[in-house]
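Down below is the structure, laid out as structure tokens.
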Amino acid sequence: MIRSKIVRLISLASVVVMANLGGLGRTTVAAPARAGTTLSLVAYSTPQQAYGQLIPAFQATAAGKDVSFHESFGASGSQSQLVAQGLPADVVEFSLEPDMGRLVNAGIVSANWYKNAYHGFVTDSAVVFGVRPGNPKHIHTWADLIRAGVSVLTPNPFTSGGARWNVMAAYGAMIKQHKTRAQALAYLRQLFRHVAVQDDSARHELQTFDAGKGDVMLAYENDMITAKASGEKLDWIMPPQTILIENPLAWTLSSKSPNQARAFVKWLWSPAAQQIWGQNGYWPVVPSVRKHFSFTRPKTTLFTIRDFGTWTKVQKTFFDPATGLMVDIEKTAGSAAP
Amino acid sequence: MSALAPALPLPASAGRIGRRSMIRVTVMGYLSIAVLLPLAAIVWKSSGAGVAGLQQAVTSPETVSALELTTLASVAVALVNAVTGTLIAWVLVRDTFPGKALLNSVIDLPFALPTIVAGLTLLTLYGPLSPFGVDAAYTRWAVVLALLFVTLPFVVRAVQPVLHELDPEMEEAAAALGAGKSTTFRRVILPNILPAMLSGAVLGFARSMGEFGSIVLISGNIPYRTEVASVRIFGLIQSDDVVGAAAVSVVLLVISLLALLLVTGIERRTRRYER
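Top to bottom, those sequences are chains A and B.
Numbering-wise (numbering that gives the first Met the number 0), the first sequence opens with residue 0 and increments by one.
Numbering-wise (numbering that gives the first Met the number 0), the second sequence opens with residue 0 and increments by one.
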């Protein structure tokens, strides 16, 4: 795990360096698109393994024949900020939509990026409960998380954009059980009193759980599938109510190889690519492929972020670092006994 | 000879001045690119919100709590380092034992290790699954522990050469004059190594104020309890509050700068006293 982290850091650094060198070497004369295009893919951390299979599959198609890739994986928010600050990228994929919105505001991604049959989301997943093997604490519902003696892990929603899915899953689960807004917020407050560790990212959360801390971790189902497949000792429980995680994908307006970038992005929605996504633990968004997989569905309700307005509105209401509802909830959580 | 003597040094010293000013320009240029410009950029960025915005960013309760914890832990670490670092330096200089050369090389390893690896290692050793049954993870002690690990070399490496150069005749003279071991240490050795102890400790302090990698895994990052300033800054950046992040960074820089100035002042004073 340490090694993969180091390798990832080094590859990110080399991507940055190489991408910059590429920029310097480019002349003002627009070279015609010809053999040997290189696309720079900047994405959040979890789909790294999937891209390891997706890219060779794309290169085996006619459109991807002469395309090579620079890949960069990291925390969704950090990756988005890097691209906004000028890290060259042809294709971007993030954990959540606001990271795409940042690039729309910066003029790097088209405001119409989401206008396709899948609203711009290339994969889906859901927030689940990661538990110890055999679920010794009998965690099945959201109410179980706030039982006495249950210790919960979730990354800090202010450092990890991805952890905002967890918060909205918990909040939404209450709303879907016909609780009032005040009751749902009271639940969040109680829940965060049970949170023993707030790692800065989902990746570190998994390491903390692996190090023996916590009875339950709020996590993405695809992460749990990948972790278990790579030998981590854990199980996961699909809560009765949970949120649909949707991961946005787009090509950039700043791409020097827009045709290839667009071809790759479109191919990622093809049945062949969606099959690979599914094999890597993501719910395919293409229905004809989705039905080949038997992912567990939440028993009662699967809701989306749109049930609470747009992500932009949710960010402002819950996660604004000065005025967000979570600021106060974190305060009571921190002053509660450990 | 008397006619030549004043003539010769002149062009030589002129050349030296030319070379010296060239070196000075190079040093200033290098410092500007490597240190001053980045620092100025942080300060400039933090001014983006205006005085009111800055004040708000720096006085938010969560930030204040993180700054308090960071400063307290860094002070504690500096104090502990001053004592343990000096002891280690003492053993390395004055003692001979098998494996001393190896130990001497191992001291610097905390600098070489990526801090995130240090954090992960500490978590494995002193976390919930500790093979020694010591679970300090996710507490404020964990913060101190991680900082002690990454700042260990500072005092050792500052005190070691001074101890090495210390003339044993001074101690022999003190002993001959009837001073006991503790008096000799207090009156002869300590005044000589104190500046080095202080500068090592304050370097460790400054490093602790900004440390991120080794802490982020082992502290648990619970706001108001175990969240340190660098993690708070990271959170502000991730929440697109870059100006607030820069403002908190400036506070860290100012505290570190004050500590460095304080030690420089003490050093200058002891040196003047010696003369």
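Every residue, glycine too, gets a C-beta built ideally from N, C-alpha and C.
Distance CB(Tyr117(A))-CB(Trp310(A)) smaller than 8 Å: In this structure, the beta-carbon distance from Tyr117(A) to Trp310(A) does not fall below 8 Å.
- request: Look at the alpha carbon of Pro46(A) and the alpha carbon of Arg224(B), and state the distance between them as a whole number of angstroms.
  value: Their Cα atoms are separated by approximately 33 Å.
query: Could you give the distance in angstroms between the alpha-carbon of Pro283(A) and the alpha-carbon of Ile224(A)?
result: Rounded to whole angstroms, the gap between the alpha carbons of Pro283(A) and Ile224(A) is 14 Å.
- prompt: In this structure, does DSSP put Glu92(A) in helix, strand or coil?
  reply: Strand at Glu92(A).
- request: Using a Cβ cut-off of 8 Å (strictly closer), state whether Ile32(B) contacts chain A.
  value: Taking 8 Å as the CB threshold, Ile32(B) stays off the interface with chain A.
task: Give the range of the alpha helix (DSSP H) segment to which Gly52(B) is assigned.
output: For Gly52(B), the enclosing alpha helix (DSSP H) begins and ends at 49-58.
- prompt: Is Pro158(B) near Ala88(B), with beta carbons less than 8 Å apart?
  reply: A small correction: the amino acid at residue 158(B) is Val; Pro does not occupy that position in the sequence shown. At the C-beta level, Val158(B) and Ala88(B) come within 8 Å of one another.
query: Ordered along the chain, which non-local residues of its own chain (more than five positions away) have a Cβ less than 7 Å from that of Ser79(A)?
result: Result list for Ser79(A): Phe93, Asp98, Arg101, Leu102, in chain order.
task: On a CA-only basis, which of Val130(A), Met237(A), Asn104(A), Leu95(A) is nearest Val313(A)? Give me that one, please.
output: Nearest C-alpha to Val313(A) among Val130(A), Met237(A), Asn104(A), Leu95(A): Leu95(A).
query: Going by alpha carbons, who is nearest to Thr295(A) out of Ser124(A), Asp143(A), Met216(A), Ala147(A)?
result: When the alpha-carbon of Thr295(A) is set against those of Ser124(A), Asp143(A), Met216(A), Ala147(A), the nearest one is in Ser124(A).
- request: Within its chain, find whatever has a CB closer than 8 Å to the CB of Val196(A); leave out the 5 residues flanking it on each side and keep chain order.
  value: Non-local beta-carbon contacts of Val196(A) in its own chain, meaning distances under 8 Å to residues more than five positions away in sequence, involve Leu152, Glu204, Thr207, Lys212, Gly213 in chain order.
message: Using beta carbons (cut-off 8 Å, strictly below), is Ala136(B) in contact with chain A?
response: At least one CB of chain A lies nearer than 8 Å to the CB of Ala136(B).
Near-chain B residues of the region 297-323 of chain A - C-beta to any C-beta below 9 Å: Going along the region 297-323 of chain A in chain order, one finds Gln314, Phe318, Asp319, Pro320, Ala321, Gly323 with a Cβ nearer than 9 Å to chain B.
- request: Compare the beta carbon distance of Trp276(A) and Ala56(A) with 8 Å and say whether it is the shorter of the two.
  value: In this structure, Ala56(A) does not lie closer than 8 Å to Trp276(A) by Cβ.
task: Please work out which residues of its chain come closer than 8 Å, Cβ to Cβ, to Gly212(B), disregarding the five sequence neighbours upstream and downstream, and give them in chain order.
output: Apart from sequence neighbours up to five positions away, the residues of its chain that approach Gly212(B) with a beta-carbon distance below 8 Å are Pro113, Thr114, Ile115, Ala117, Gly118, ordered along the chain.
query: Which same chain residues, not among the five before or five after Pro222(B), have their C-beta less than 6 Å away from its C-beta?
result: Apart from the 5 residues on each side of it in sequence, Pro222(B) sits with its Cβ closer than 6 Å to the Cβ of Glu61 in its chain, given in chain order.
- prompt: For Glu245(A), which beta-bridge partners are listed by DSSP?
  reply: In DSSP, Glu245(A) forms a bridge with Asp123(A).
query: Among Ser67(A), Ala74(A), Asn104(A), Ser77(A), which residue has its Cα nearest to the Cα of Asp89(A)?
result: Ranked by how close their Cα comes to the Cα of Asp89(A), the residues Ser67(A), Ala74(A), Asn104(A), Ser77(A) have Ser67(A) in first place.
field: Runs of beta strand (DSSP E) lying entirely within the region 54-90 of chain A, each at least 3 residues, in chain order
entry: Qualifying beta strand (DSSP E) stretches, in chain order: 66-73.
task: Look at the Cβ atom of Lys107(A), then the Cβ atom of Thr251(A), and state whether they are nearer than 8 Å.
output: According to the sequence provided, residue 107(A) is Ile. The question's Lys does not apply to it. Remark: C-beta atoms of Ile107(A) and Thr251(A) approach each other more closely than 8 Å.
message: Counting only C-beta atoms, is Asp107(B) closer than 8 Å to chain A at any point?
response: Not one chain A Cβ lies under 8 Å of Asp107(B).
Where Ser20(B) sits in the DSSP three-state scheme: Ser20(B): helix per DSSP, three-state reduction.
Under 8 Å (Cβ pairs) to chain A, residues found in the region 216-243 of chain B: Residues are counted here when their Cβ sits less than 8 Å from a Cβ of chain A; for the region 216-243 of chain B these are Leu216, Gly219, Asn220, Ile221, Pro222, Tyr223, Arg224, Glu226, Val230, Phe233, Gly234, Leu235, Ile236, Gln237, Ser238, Asp239, Asp240, Gly243, given in chain order.
query: Between Pro337(A) and Leu38(B), what straight-line distance do the alpha-carbon atoms span, to the nearest angstrom?
result: Bear in mind that the predicted position of Pro337(A) carries a pLDDT of just 44, short of 50, making it unreliable; the figure below should be weighed with that in mind. Answer to the nearest angstrom: the Cα atoms are 37 Å apart.
Cβ neighbours of Thr138(B) in the same chain (closer than 7 Å, five flanking residues each side left out): Closer than 7 Å at Cβ, skipping near neighbours: Thr225.
field: Sheet register partners of Thr36(A) (DSSP bridge)
entry: According to DSSP, which records beta bridges pairwise, Thr36(A) is partnered with Val66(A).
task: Compare the beta carbon distance of Ala56(B) and Ala246(B) with 8 Å and say whether it is the shorter of the two.
output: The answer is yes: Cβ separation under 8 Å.
task: With DSSP as the reference, label Met216(A) as helix, strand or coil.
output: Met216(A) sits in a strand when the DSSP states are folded into three classes.
query: Given a limit of 8 Å on CB to CB distance, which residues of the region 148-164 of chain A reach chain B?
result: Correct list: Asn155, Phe157, Thr158, Ser159, Gly160.
field: Lys175(A) classed as buried or exposed, judged by whether at least 16 other C-beta atoms fall within 10 angstroms
entry: Lys175(A) comes out buried.
query: Are Ala65(B) and Arg231(B) close, meaning C-beta to C-beta below 8 Å?
result: Yes, the pair counts as a contact, with Cβ atoms nearer than the cut-off.
- request: Starting from the beta carbon of His203(A), find every residue of chain B whose beta carbon is closer than 8 Å, and list them in chain order.
  value: Chain B residues near His203(A): Val215, Leu216.
task: Please report the residue range of the alpha helix (DSSP H) in which Ala136(B) lies.
output: Looking at the DSSP string, Ala136(B) is not in any alpha helix (DSSP H), and its letter there is neither H nor E.
query: Given that Asp214(A) touches chain B, what residues does it touch there, using C-beta distances under 8 Å?
result: Per Cβ cutoff of 8 Å: no residues; Asp214(A) is ~11 Å from chain B at best.
query: So Leu151(B) packs on Pro109(B), CB below 8 Å; how close in whole Å?
result: By a beta-carbon distance limit of 8 Å, Leu151(B) contacts Pro109(B). Their separation comes to about 5 Å.
- prompt: When the distance is taken between beta carbons, is Pro247(A) closer than 8 Å to Ser238(B)?
  reply: No, these two residues do not count as a Cβ contact at 8 Å.
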